[in-house]
Every structure is written in structure tokens, then in C-alpha cells.
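Novice: Below you'll find the structure I mean.
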Amino acid sequence: MIPASSIRSVADLEVGSVVAEASFSLTRDSLVHYAGASGDFNPIHYRDDVAQSVGLAGVLAHGMLTMGLAVQPVVDWAGDPARVVDYQVRFTRPVFVDATVGAVVMVVAKVGALDVEASVARIDLTVTFNGATVLGKAQARVNLA
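The opening position of the sequence shown corresponds to residue 1 in full-length UniProt numbering, with each subsequent residue numbered one higher.
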């Protein structure tokens, strides 16, 4: 991994280099705390019976929670959240949070492209749960000027 503190410019980066990795453990308590912060109290995020009644395998994490967790390693690497000038994802699979064991979301952030003239790095995120990608086309643009 390349610590941002060692980066003087985007020219110091190479496409394909890993800049950050992290894992996030989620529990049902995590989902309730997020529901309180976000105001999203949809019961599919905390009640198995409701989730199953609409065809889901069980309780799932809020998509925006997963999205927020995924960008955090990039923010930490960049050293300032204001450096993340754009962030987009596609939700491809749910993160099911078991009542007993919870869930672990894994994030690997790699340099996907460099715009040396603009001092911007595109960071591509691989976000997985149980070995399957849960966020597709997850990309953050980071201004390193």
C-alpha cells in the first residue's frame, strides 16, 4: 500500500497500485444505529420475518451504509475528506447481516486511472461480502493537488 503522506503528486502513483484495504464488521446493532442516524427504519434492515416476507434471504444492511463504509479507506488514505471530489457506485448485491455472526464487508482500493494534469487519481474500489462483489463500478476521484 502507498500511504498518502508519501505522495507528493499523482505522478508518484501507478495504475494498479493498492492504496488502501479495510474490513468492516456489521452486526444487527450496527444496522439499528445506522437506521437512527439516517432515519431509514425500513424493517427489512432489522426484522427477518419482514425481510423474508418480501423475498429476501434475511435482514440486509442499508445500501448507503455499505457505500459509506466502502469509501472510508479512501478518505483515510487521502487524509482529508474534501479531497474526494466524486464518488459513485452501483448496488449489485445485498449484504445480509446474520443475527448471530453478523457480516464482514471487505474493501480494496486501487489506482484505476491518473490525470496528472488535473492532479486527480481515480480510485477503483472492490467491495465484497462472502467473496461476492456488492458494489459495482465503485469509483472515487481524489484530488491530490
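For every residue, glycine included, the Cβ atom is placed at its ideal position computed from N, Cα and C.
Output the boundary residues of the beta strand (DSSP E) element that contains Ala113.
Specialist: 103-115 is the extent of the beta strand (DSSP E) around Ala113.
Novice: Over what stretch of residues does the beta strand (DSSP E) that includes Gly136 continue unbroken?
Specialist: Run containing Gly136: 132-143, per the beta strand (DSSP E) assignment.
Novice: Anyone know if the C-beta pair for Ala51 and Pro43 falls short of 9 Å?
Specialist: Yes. Within cutoff.
Novice: Over the uninterrupted alpha helix (DSSP H) stretch that includes Val74, give me the two end residues.
Specialist: Element bounds for Val74: 63-78.
Novice: If you draw a straight line from the C-alpha of Ala103 to the C-alpha of Gln139, how long is it?
Specialist: Rounded to whole angstroms, Ala103 to Gln139 spans 23 Å at the Cα level.
Novice: Roughly how many angstroms separate the alpha carbons of Val15 and Asn143, rounded to a whole number?
Specialist: One C-alpha to the other measures close to 15 Å.
Novice: So what does Thr27 bridge to, in DSSP terms?
Specialist: None, per the DSSP bridge assignment.
Novice: Between Arg90, Phe24, Thr100, which has its C-alpha nearest Gly58's C-alpha?
Specialist: It is Thr100.
Novice: Kindly indicate the opening and closing residues of the alpha helix (DSSP H) around Asp49.
Specialist: Looking at the DSSP string, the run of the alpha helix (DSSP H) that includes Asp49 is 48-53.
Novice: Is Pro94 buried or exposed, if buried means 16 or more other CB atoms sit within 10 Å of its CB?
Specialist: Classification for Pro94: buried.
Novice: At which residues does the beta strand (DSSP E) containing Asp86 begin and terminate?
Specialist: Taken as a continuous stretch (DSSP letters only), the beta strand (DSSP E) holding Asp86 covers 84-91.
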